[in-house]
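To keep things clear, I will list the structure first and then write my remarks on it.
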C-alpha cells in the first residue's frame, strides 16, 4: 500500500510575490443541506473525463498516488480513494482547515482508509517535486486570480509520466428556464460579480487550454474536452438551488455582498426566485465545463 506523501517545509525567504488572497469560507457554520448538496459531487460525476486515464495508470501501477487540490468536504476525493484501490493513496488538501473534519466523516461514509487530509495553499503546495502520479482539481481555478500559477504548481508536484487534470465551469454558457426575474438578476449580474470581484473568472472553462499552455505545458501534452452540468430532476434542482440560496445568498456571504453594493432586498428577491425555480417541473439549468488532462 502506498503511504501518504510527506509535505515539506516551505522556504520563508523565497522572495516570491505573495499569492493572491483566497476567499475563505467558515465551513463550521454551513447548514447540513449545503454539505449534502456539495457532496453530491463525485469522481464519477465530476471527473469522468479523467477516469479512463486513471484506470490505465492503475493497471500499470497499483500503487498510484493522487493529490486532490481544493478538495472541500472530500466526496470526489473519497471516490478517487476507492478507484485507486487499497494499494494506492489519495491526499486531499484544502485551504480551509474547518472543512477537514467533515472530509474525514465523508471518507468514513465511503469506507476508505487510503486517504489523508491536510491544509494547503494551491499556489504553494508543500510537497516535493514529482511526488504524485495524478494531481487533480475541480472548480478551483475559476475562483483564483492567477490560475496558471496553480497549474504550474500542480505540474511541479506531478511525476514524469503522470497527469494533471482540471475541470472548471464557464459561467457565460449557463442557461436557465424559466426566466424568472430574480434568476435573471442572479445570473446576469450577481453571480458574475460574486466571482470576478474576488479575483475569479466568468469564463474559466474555455480558458483552461490557454492556462495550461501558460503554465508551461506543451500543446501535444494536453487533451481537452467539455462536459455539462445539467439539473432537471427534482433532487438535482433542489441540490443546486439550495447551494445558491445558502452559500451565495445566505448569511455566510451576506455581509460581504452588502459591502460590495448588493441590496438586501435584491438578495431576498433572488433567494425567493431560487426557491420557486427548484419546485417547478419545467425548470432546467445547464452549464458547460472545460476539462484538461496534461501528460507530464
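In the numbering used here, the protein residues as written are 1 to 296.
Ideal Cβ positions, reconstructed from N, Cα and C, are used throughout, including at glycine.
Problem - For residue 50, the three-state DSSP class (helix, strand or coil) - result: On the chain shown, residue 50 is found 50 positions in, with the first residue counted as 1. The answer is coil: DSSP assigns residue 50 none of H, G, I, E or B.
Handout entry: Nearest candidate by alpha-carbon position, reference residue 246, set 108, 291, 272
Key = Counted from its first residue, the chain shown places residue 246 at position 246. That would be 272, whose Cα lies nearest to the Cα of residue 246.
Practice task
Mark residue 65 as exposed unless 16 or more other C-beta atoms lie within 10 angstroms of its C-beta, in which case mark it buried.
Solution key: Along the chain shown, read from residue 1 onward, the residue named residue 65 stands at position 65. Here residue 65 is buried, its C-beta having at least 16 other C-beta atoms within 10 Å.
Practice task
Name the residue from 202, 135, 86, 178 whose alpha carbon lies nearest to the alpha carbon of residue 232.
Solution key: Stepping through the chain shown from its first residue, residue 232 is reached at position 232. Measuring from the Cα of residue 232, the nearest candidate turns out to be 178.
Handout entry: Beta-ladder partner(s) of residue 222, from DSSP
Key = If you number the chain shown from 1, residue 222 lands on position 222. Answer by DSSP bridge pairing, in chain order: 294.
Handout entry: Residue(s) in a DSSP beta bridge with residue 124
Key = Taking the chain shown and counting its residues from 1, one reaches residue 124 at position 124. Residue 124 has 121 as its beta-bridge partners, per DSSP.
Handout entry: Buried versus exposed call for residue 260 [16 or more other C-beta atoms within 10 Å across all chains shown]
Key = As a working note, residue 260 is residue 260 in the chain shown. That one is exposed.
Exercise for the section: Please state whether DSSP places residue 73 in a helix, a strand or coil. Expected result: Residue 73 sits at position 73 when you count from the first residue of the chain shown. In this structure, residue 73 counts as coil in the three-state DSSP scheme.
Handout entry: Beta-carbon proximity of residue 168 to residue 205, cut-off 8 angstroms
Key = Indexing the chain shown from 1 puts residue 168 at position 168. Indexing the chain shown from 1 puts residue 205 at position 205. Yes.
Problem - Inter-residue Cα distance where the pair is residue 138 and residue 263 - result: In the chain shown, the residue the question calls residue 138 occupies position 138. In the chain shown, the residue the question calls residue 263 occupies position 263. Distance between the alpha carbons of residue 138 and residue 263 is about 31 angstroms.
Exercise for the section: Apply the 10 Å Cβ neighbour rule to residue 90 and answer buried if 16 or more other Cβ atoms are within range, or exposed otherwise. Expected result: Mapped onto the chain shown, residue 90 falls at position 90. Burial call: buried.
Handout entry: residue 92 and residue 77 closer than 8 angstroms at C-beta
Key = For the purposes of this step, residue 92 is taken as residue 92 along the chain shown, with counting starting at 1. For the purposes of this step, residue 77 is taken as residue 77 along the chain shown, with counting starting at 1. Yes.
Practice task
Please classify residue 280: is it buried, with 16 or more other beta-carbons within 10 angstroms of its beta-carbon, or exposed?
Solution key: For the purposes of this step, residue 280 is taken as the residue at position 280 of the chain shown. Its Cβ having fewer than 16 others within 10 Å, residue 280 is exposed.
Practice task
Please classify residue 140: does DSSP put it in a helix, a strand, or coil?
Solution key: As a first step, residue 140 must be located in the chain shown, where it is residue number 140. Three-state result, residue 140: coil.
Practice task
Buried or exposed for residue 268, please, with buried defined as at least 16 other CB atoms from any protein chain shown within 10 angstroms of its CB.
Solution key: For the purposes of this step, residue 268 is identified with residue 268 of the chain shown, where counting begins at 1. The residue is exposed, with fewer than 16 neighbouring Cβ atoms inside 10 Å.
Handout entry: Boundaries (first-last residue) of the beta strand (DSSP E) holding residue 198
Key = Residue mapping note: residue 198 aligns to position 198 of the chain shown, counting from 1. Unbroken run through residue 198: none, as it is neither H nor E.
Practice task
Would you check if the distance between the CB atom of residue 47 and the CB atom of residue 165 is smaller than 8 angstroms?
Solution key: Position 47 of the chain shown, counted from the start, is the residue given in the question as residue 47. Position 165 of the chain shown, counted from the start, is the residue given in the question as residue 165. For residue 47 and residue 165, yes; Cβs fall inside 8 angstroms.
Handout entry: C-beta atoms of residue 155 and residue 296 nearer than 8 angstroms
Key = Here residue 155 corresponds to residue number 155 of the chain shown, with the count starting at 1. Here residue 296 corresponds to residue number 296 of the chain shown, with the count starting at 1. In this structure, residue 296 lies closer than 8 angstroms to residue 155 by Cβ.
Problem - residue 286 (DSSP reduced to helix, strand or coil) - result: Here residue 286 is taken as the residue at index 286 of the chain shown, counted from 1. In this structure, residue 286 counts as strand in the three-state DSSP scheme.
Exercise for the section: Starting from the C-beta of residue 203, find all residues in its chain whose C-beta is less than 6 angstroms away, skip the five residues before and the five after it, and write them out in chain order. Expected result: Stepping through the chain shown from its first residue, residue 203 is reached at position 203. Excluding sequence neighbours, residue 203 sits near 170, 172.
Practice task
Determine, using beta carbons only, whether residue 131 and residue 5 come nearer to each other than 8 angstroms.
Solution key: The count along the chain shown starts at 1 and reaches residue 131 at position 131. The count along the chain shown starts at 1 and reaches residue 5 at position 5. For residue 131 and residue 5, yes; Cβs fall inside 8 angstroms.
Practice task
From the DSSP output, read off the bridge partner residues of residue 67.
Solution key: Position 67 of the chain shown, counted from the first residue, corresponds to residue 67. Paired residue(s): 91, 135.
Exercise for the section: Return helix, strand or coil for residue 41, following the three-state DSSP convention. Expected result: Here residue 41 refers to the residue found at position 41 when the chain shown is read from its first residue. The answer is coil: DSSP assigns residue 41 none of H, G, I, E or B.
Handout entry: Residues of its chain near residue 148, where Cβ-Cβ distance is below 6 angstroms and the 5 sequence neighbours each way are ignored
Key = Start at 1 with the first residue of the chain shown, and residue 148 comes out as number 148. Here the set comprises 211, 214, 215.
Exercise for the section: Please classify residue 265: is it buried, with 16 or more other beta-carbons within 10 angstroms of its beta-carbon, or exposed? Expected result: Within the chain shown, the letter at position 265 stands for residue 265. With fewer than 16 other Cβ atoms within 10 Å, it is exposed.
Exercise for the section: Look at the Cβ atom of residue 112, then the Cβ atom of residue 63, and state whether they are nearer than 8 angstroms. Expected result: Taking the first residue of the chain shown as 1, we reach residue 112 at position 112. Taking the first residue of the chain shown as 1, we reach residue 63 at position 63. No, the Cβ-Cβ distance between residue 112 and residue 63 is not below 8 angstroms.
Handout entry: Neighbour-count burial assignment, residue 242, 16 or more Cβ in a 10 Å radius
Key = Within the chain shown, residue 242 is the residue found at index 242, counting from 1. It counts as buried.
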